[in-house]
Amino acid sequence: MMREAFITESNCITPIGFDVAANVKNIGACVSGIQLHQNSSLMMAPFYASIINDIDLDTAFAKISPAVNYTKLEKMMILALYPIAEKSKLDFNDRTAFILSTTKGNITALKNKSGENFQKAQLPHLAKKVADFFKFKTEPIVISNACVSGIMAVSVAKRLIQSKIYDNIFIVAGDEVSEFVLSGFNSFQAMSDAPCKPYSKNRNGVTLGEAAAAVLVSSNKGSSKIKIIGDGSINDANHISGPSRTGEGLFRSIKSALAEAEIEADQIDYISAHGTATSFNDEMEAIAFNRLGLENTPVNSLKGFYGHTLGASGLLEAVIGIQSVLENKLFVSLGFDELGVSQPINVIEKNENKNSRYFLKTASGFGGCNSAVLFEKVN
Amino acid sequence: MTENKNYIHSFCTIQNNKIVLNDETVFEAESTSFADFSKQAYKKLEINYPKFFKMDSLSKLAFLGAEILLKAEIDPEAENNIALVFANKSSSLDTDVKYQETISHEENYFPSPAVFVYTLPNICLGEISIRHQLKTENSFFIFEEFNPEFLVNYANVLLDTKKADKVLCGWVEYFNEEYKAFLYLVAKEGVVEHQIETIKTVYKK
């Protein structure tokens, strides 16, 4: 008999709040973090993005540490983990793991190519800095698997707990808006010239964002109401910079999660999908969901609130999704107007009340990667 | 922790202009750059896959290792549930530095999507998946150094939970012409038991 794994705590640091309650309150009021920015050190032309205010971040960080030698991303990650680590009262021994998910980490350090800066751009260096703050004993496990990194971490943590390798796993996922990533998405002509509009007819690309999210995954249920019941992370084997047109990898990832959870697709009450608002991604998701008979299941993308926060997105959106399930709510898929995918899907058009038991989180990314995790609300 | 015994089916090392499969040298080149070495290896192994030349160095390195180990394993007529569990230290930093160069000078600003896409370490998994049509579990991890404990545990988890029939594990480190690839295939049948100590010994060869 495999052990069970639970999400016992969660938190997030985003432009619309430095804890889950503040985020959910803003989402309830349809307040988005996306704004028009004019910052030539990030991009020559004005651009839409969801960016955390530096002063607010520094003020919050000063309340937990007098240290000044942390980068913006490190502060975001430490602040996301801090209340969870404090509240857990756990002994950080060799049964406690630490997973850090990111796509680009401190990539901004490469702008100034000194030796020290180069060090900072190494992901193990970032992980060690965050781990040392909390005095974790085990070597950090870094996941860098494009835009599925954040939700893949939940899957990896669950598997390690099931197999009794660890009892408790702290996860933090984070990425920041950088010139590096902005210029890259721009070179792909994948950036929207307005706040992103997932699944809409008039969507025309991604809005980037930054955030950090954190959870504690534990074998000890405690007062947790969220169990991780199945997962899959399966590659499309189709293209490195675009999704499969049939949604093959996503389809199989969800199938794998359902088989493990021993539930049918029609039992899923709510899907927090990826919805980047690129033409190909949203279309691919609609196809995959239809192949599974999920066309009537309420679905949202939270990118309209946060933009695409890359390696943070999967975990951030799971944290918000979990909270909506706990509060018996469904949150609006902000930016959606008229359905713009070829297959029908049930996009959530306004905040509403609904009691959900099974919740699916999915993500897809460059390299043909996909990840799906199923959660169950338990008593 | 493992419920069933698993086995190391085969292993491959690529370093110092040399490719070794199960202790036997498959290909060796005179002292040269990685670009030249990988091109020579591609020809010698008769790979015939032009997409190879569009890849960055990390993907070429991982691709060559996978080619050596999977050639005999893949049944093109069947579904091959071989998971990919890869890791390294420097992520995609070699290509990151090259991409950064293309956006650092206002007068010489030419970001290219063909370079940008390789600024993620898991792209090499996508390349291997496409080549061998592996619609399977994929994940890329980063550690300060080769971490046999994690790789062995995670491969066992995938096999024991039946998420995969076999697991191709790989340590694929590439930065600035310094490289090492160590890949091995874990299966449910075999002779050499899949144990941390064994992996450590084979890695050091």
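From first to last, the protein sequence lines stand for chains A and B.
Going from the first sequence to our numbering is simple: count from 1 and add 318.
Going from the second sequence to our numbering is simple: count from 1 and add 1058.
Note that beta-carbon positions come from the ideal geometry of N, C-alpha and C, so glycine has one too.
With residue i as the anchor, note down where its alpha helix (DSSP H) starts and where it stops.
i          : result
His443(A)  : Leu441 to Phe452
Ser473(A)  : Ser467 to Gln480
Leu428(A)  : Premise fails: Leu428(A) is in no alpha helix (DSSP H) and is neither H nor E.
Val499(A)  : Glu497 to Ser505
Gly346(A)  : Val338 to Gly346
Lys573(A)  : Glu566 to Ala579
Pro676(A)  : In the sequence on display, residue 676(A) carries Tyr and not Pro. Element bounds for Tyr676(A): not the alpha helix (DSSP H) but the beta strand (DSSP E), Tyr676 to Gly683.
Asn1214(B) : Pro1206 to Asp1218
Glu601(A)  : Ser597 to Arg609
Ile1254(B) : Ile1254 to Lys1262
Gln1098(B) : Phe1092 to Lys1102
Ile373(A)  : Asp372 to Ala380
Ala1172(B) : Pro1171 to Phe1174
Here's the rule: buried if 16 or more other CB atoms are within 10 angstroms of the residue's CB, otherwise exposed. What is residue i?
i          : result
Gly433(A)  : exposed
Ala363(A)  : exposed
Gln353(A)  : exposed
Arg321(A)  : exposed
Lys1124(B) : In the sequence under discussion, the amino acid at residue 1124(B) is Ala, which differs from the Lys named in the question. Buried: at least 16 other Cβ atoms inside 10 Å.
Phe1111(B) : exposed
Thr1090(B) : exposed
Asp600(A)  : buried
Pro1108(B) : exposed
Lys476(A)  : buried
Ile572(A)  : buried
Gln641(A)  : buried
Asn1062(B) : exposed
Gln356(A)  : exposed
Tyr1167(B) : exposed
Asn1106(B) : exposed
Glu1251(B) : exposed
Once you ignore the five residues that flank residue i on each side, which residues in its own chain have a CB closer than 8 angstroms to its CB?
i          : result
Thr1153(B) : Asp1114, Ser1115, Leu1116, Val1173, Tyr1176 and Thr1177
Glu1202(B) : Lys1147
Ser398(A)  : In the sequence on display, residue 398(A) carries Ala and not Ser. Excluding residues within five positions, the ones whose Cβ falls inside 8 angstroms are Asn329, Cys330, Ile331, Val490, Gly492, Ala530, Ala531 and Ala532.
Phe684(A)  : Ala464, Cys465, Ile558 and Ser559
Lys405(A)  : Glu327
Glu656(A)  : Ser518, Lys519 and Asn520
Asn671(A)  : Asn646, Lys647 and Leu648
Asp372(A)  : Lys390
Ala577(A)  : Gly548
Glu1137(B) : Lys1193
So residue i and residue j are supposed to be a Cβ contact under 8 angstroms. How far apart are they, rounded?
i          : j          : result
Ser1197(B) : Ile461(A)  : 7 angstroms
Leu628(A)  : Thr421(A)  : 5 angstroms
Tyr624(A)  : Ala529(A)  : 6 angstroms
Gly611(A)  : Asp584(A)  : 6 angstroms
Phe1085(B) : Lys1102(B) : 5 angstroms
Leu500(A)  : Met394(A)  : Not confirmed; about 18 angstroms, so no contact.
Gly686(A)  : Gly653(A)  : Not quite, the Cβ-Cβ distance comes to about 26 angstroms (not below 8 angstroms), so this is no contact.
Phe410(A)  : Phe451(A)  : Going by Cβ atoms, the distance from Phe410(A) to Phe451(A) rounds to 12 angstroms, so no, they are not a contact pair.
Lys543(A)  : Val696(A)  : 6 angstroms
Glu667(A)  : Val691(A)  : Actually they do not touch by this definition, with Cβ atoms about 25 angstroms apart.
By Cβ distance below 7 angstroms, which residues in the same chain neighbour residue i in space, the five residues on each side in sequence not counted?
i          : result
Ile605(A)  : Thr564, Gly565 and Gln661
Thr1060(B) : With a pLDDT of 48 at Thr1060(B), under the threshold of 50, the predicted position of this residue should be treated as unreliable, and no value is reported.
Leu1127(B) : Ser1068, Cys1070, Leu1226, Leu1241 and Leu1243
Ile469(A)  : Gly632, Leu633, Ala636, Lys679, Ala681, Ser689 and Val691
Ala471(A)  : Ile417, Ser419, Ile461, Ile489, Ala491 and Leu633
Between which two residues does the beta strand (DSSP E) harbouring residue i extend?
i          : result
Gly1184(B) : Counting along the chain, Gly1184(B) falls outside any beta strand (DSSP E), though it belongs to the alpha helix (DSSP H) covering Ile1181 to His1190.
Val1084(B) : Glu1082 to Glu1086
Gln353(A)  : Ile352 to His355
Phe1244(B) : First, the residue type needs correcting, since residue 1244(B) is Val and not Phe in the sequence shown. That run of the beta strand (DSSP E) goes Glu1236 to Ala1245.
Ala532(A)  : Ala529 to Ser536
Ile547(A)  : Ile544 to Gly550
Ala690(A)  : Cys687 to Lys695
Leu1079(B) : Lys1076 to Leu1079
Thr1071(B) : Tyr1065 to Gln1073
Compute every distance between the C-beta of residue i and the non-hydrogen atoms of the ligand NAP, then say whether any falls below 6 angstroms.
i         : result
Ile546(A) : Only the bare structure without any ligand can be found here, which leaves the ligand NAP out of the picture.
Residues in its own chain within less than 6 angstroms of residue i by CB, not counting five upstream and five downstream?
i          : result
His1067(B) : Leu1243, Ala1245 and Gly1248
Ile586(A)  : Thr615, Tyr676 and Leu678
Thr389(A)  : Asn424
Asp554(A)  : Ser562, Glu566, Gly567 and Gly686
Asn486(A)  : Leu408, Thr414 and Ser536
Glu1235(B) : Phe1092
Tyr1232(B) : Ser1115, Leu1116, Leu1119 and Asp1152
I'd like to know whether the C-beta of residue i is nearer than 7 angstroms to at least one C-beta of chain E.
i          : result
Glu1125(B) : The structure shown contains no chain E; its protein chains are A and B.
Unbroken stretches of the beta strand (DSSP E), 3 residues or longer, contained in the stretch 390-421 of chain A
Secondary structure in the stretch 390-421 of chain A: the beta strand (DSSP E) runs of 3 residues or longer, each lying completely within the stretch, are 414-419 in chain order.
Checklist entry - Considering only residues of the stretch 1106-1155 of chain B, which uninterrupted beta strand (DSSP E) runs meet the minimum length of 3 residues and lie entirely inside it, listed in chain order? => result Correct list: 1140-1146.
Worksheet item: Which parts of the stretch 616-675 of chain A are runs of the beta strand (DSSP E), unbroken and 3 residues or longer, counting only runs that do not cross its ends?
Response: Entirely contained in the stretch 616-675 of chain A, the beta strand (DSSP E) runs reaching 3 residues are, in chain order, 616-618.
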